[in-house]
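These protein sequence lines map, in sequence, to chains A and B. The numbering of the first sequence is the numbering used here, which starts it at 1 and goes up by one. The numbering of the second sequence is the numbering used here, which starts it at 1001 and goes up by one. Even for Gly, the Cβ is constructed at its ideal location relative to N, Cα and C. From a predicted model like this one, the values you see are computed outputs, not experimental measurements.
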Amino acid sequence: MLGFHFCKVSGVSMSPRIPEDSYVFIVPWLKLFNLKEGSLLKVFHPKYGYIVKSLAQVDRNDLFWLKGHHKSSLPIEKLGPVGKSQIQGKVLWVFPPK
Amino acid sequence: MIYNLIAKLDKKLSFQKIAGHCDIPCKIYDPINAQIAVLTMIRMVDLLEELKAKPSLTLDEQAEFLRLVNQKEKHGLKVKEEVSIIWGDYIKAPQLAQFPELHELTHNIMLAGSQAKQHINREKALNLLTLVNRFAEIFWTTKQVATFTATCPYPPAEKLVYPKLQST
């Protein structure tokens, strides 16, 4: 209805902020509000599919640059920028495995 | 508690998976993880055999039994996963041309892995080790690294194929 949903995170690139196998609660319409640097976003990336990344910055063309948190994560320039339409929602809560 | 609740919902509803990784072709492959996982399985079998020899088990021993079986199971899966990754990501046409046995060997590792998981049987675990050692030997050969076989310096003291790496 409002598009809230859970997703399960695979991989370590967002750890320690989102440890592997965490569940994240996504709110799609929160992307319409002011997204800040460090906001966790679910994104449909043309090359990597559905990924969760942290917002690094918004450039003057309103493109969103993303980054991981782990040393193994792809560097920001390799991920490239994405448009707002590719952002599927903002992570509101993270539920890490015990 | 909340995590467990969501995990239960996930089982029912199958939540979408999103990747926190990007499947980087990092080129870091090493069969040693699989080899050590098999050694762990053999060690678990040895410890389970010790329990098996007792006429009855105390509560502590029953707990130990569960932990040993659990670890054997976990490491069995690890063997299969590690070998699958090397087979799926690293092995390509040139390696297959050099070692046509690779597909069959990998499949046999999967089968032997299941066998070793299903039984408390040293022979079955040793059979898995033989196959994984052969896999390691092939892996290092494709990288032009010579190998040697040595007994691992810790229990279960079984033969392992190691790469002959030299400092430059």
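Chain B contacts made by the segment 36-60 of chain A, where a contact means CB separation under 7 Å: Close to chain B, meaning a Cβ-Cβ distance shorter than 7 Å, are the following residues of the segment 36-60 of chain A: Lys-42, Tyr-48, Gly-49, Tyr-50, Ile-51 and Val-52.
DSSP beta-bridge partners of A/Ile-51: Locating residue 51 of chain A in the first sequence gives position 51, where the first residue counts as 1. Beta-bridge annotation (DSSP): A/Ile-51 is paired with A/Val-43 and B/Ala-1019.
Within-9 Å CB hit, B/Tyr-1003 to chain A: Residue numbering aside, residue 1003 of chain B sits at position 3 when the second sequence is read from its first letter. It does: the Cβ of B/Tyr-1003 has a partner Cβ on chain A nearer than 9 Å.
The alpha helix (DSSP H) enclosing A/Gly-11, as first and last residue numbers: Here residue 11 of chain A refers to the residue found at position 11 when the first sequence is read from its first residue. Unbroken run through A/Gly-11: none, as it is neither H nor E.
Whole-number beta carbon distance between B/Leu-1131 and B/Leu-1105, since they are thought to touch under 8 Å: Position 105 of the second sequence, counting from 1, holds the residue named residue 1105 of chain B. Position 131 of the second sequence, counting from 1, holds the residue named residue 1131 of chain B. Confirmed, about 6 Å.
Element boundaries [beta strand (DSSP E), containing A/Ile-87]: Taking the first residue of the first sequence as 1, we reach residue 87 of chain A at position 87. Where A/Ile-87 is concerned, the enclosing beta strand (DSSP E) stretches over 87-95.
Through-space distance from A/His-69 to B/Leu-1096, alpha-carbon basis: Along the second sequence, one-based indexing puts residue 1096 of chain B at 96. Along the first sequence, one-based indexing puts residue 69 of chain A at 69. Straight through space, the alpha carbons of A/His-69 and B/Leu-1096 are spaced by roughly 37 Å.
Short Cβ contact (9 Å threshold) for A/Val-12 with A/Val-91: By 1-based counting over the first sequence, the position of residue 12 of chain A is 12. By 1-based counting over the first sequence, the position of residue 91 of chain A is 91. When the beta-carbon positions are compared, A/Val-12 and A/Val-91 stay at least 9 Å from each other.
Distance CB(B/Val-1161)-CB(B/Glu-1123) smaller than 9 Å: Walking along the second sequence from the start, residue 1161 of chain B turns up at place 161. Walking along the second sequence from the start, residue 1123 of chain B turns up at place 123. Contact flag unset, no.
Cβ-Cβ separation, B/Gly-1113 to B/Lys-1072 (assumed contact under 8 Å), whole Å: Here residue 1072 of chain B corresponds to residue number 72 of the second sequence, with the count starting at 1. Here residue 1113 of chain B corresponds to residue number 113 of the second sequence, with the count starting at 1. About 11 Å separates the Cβ atoms of B/Lys-1072 and B/Gly-1113, ruling out a contact at the 8 Å cut-off.
A/Phe-4 (DSSP reduced to helix, strand or coil): One-based indexing of the first sequence puts residue 4 of chain A at position 4. Looking at A/Phe-4 - three-state DSSP - the assignment turns out to be coil, as it is neither helix nor strand.
CB of B/Met-1044 within 9 Å of CB of B/Val-1083, strictly: Here residue 1044 of chain B refers to the residue found at position 44 when the second sequence is read from its first residue. Here residue 1083 of chain B refers to the residue found at position 83 when the second sequence is read from its first residue. For B/Met-1044 and B/Val-1083, no; Cβs fall outside 9 Å.
Cα-Cα separation between B/Leu-1066 and B/Val-1038, rounded to whole angstroms: Working through the second sequence from its first residue, we reach residue 1066 of chain B at position 66. Working through the second sequence from its first residue, we reach residue 1038 of chain B at position 38. Cα-Cα distance, rounded: 19 Å.
Continuous alpha helix (DSSP H) stretch holding B/Thr-1130: start and end: Counting from 1 along the second sequence, the entry for residue 1130 of chain B is found at position 130. 1122-1142 is the span of the alpha helix (DSSP H), which, as asked, contains B/Thr-1130.
Closer than 9 Å to chain B by CB, A/Gly-3: Stepping through the first sequence from its first residue, residue 3 of chain A is reached at position 3. No, because no Cβ of chain B sits closer than 9 Å to the Cβ of A/Gly-3.
Any chain B beta carbon closer than 9 Å to A/Glu-20: As a first step, residue 20 of chain A must be located in the first sequence, where it is residue number 20. Residue-level contact by beta carbon holds for A/Glu-20 and chain B, with a gap shorter than 9 Å.
Through-space distance from A/Phe-44 to B/His-1119, alpha-carbon basis: By one-based count along the second sequence, residue 1119 of chain B stands at place 119. By one-based count along the first sequence, residue 44 of chain A stands at place 44. Their backbone Cα atoms lie some 44 Å apart in a straight line.
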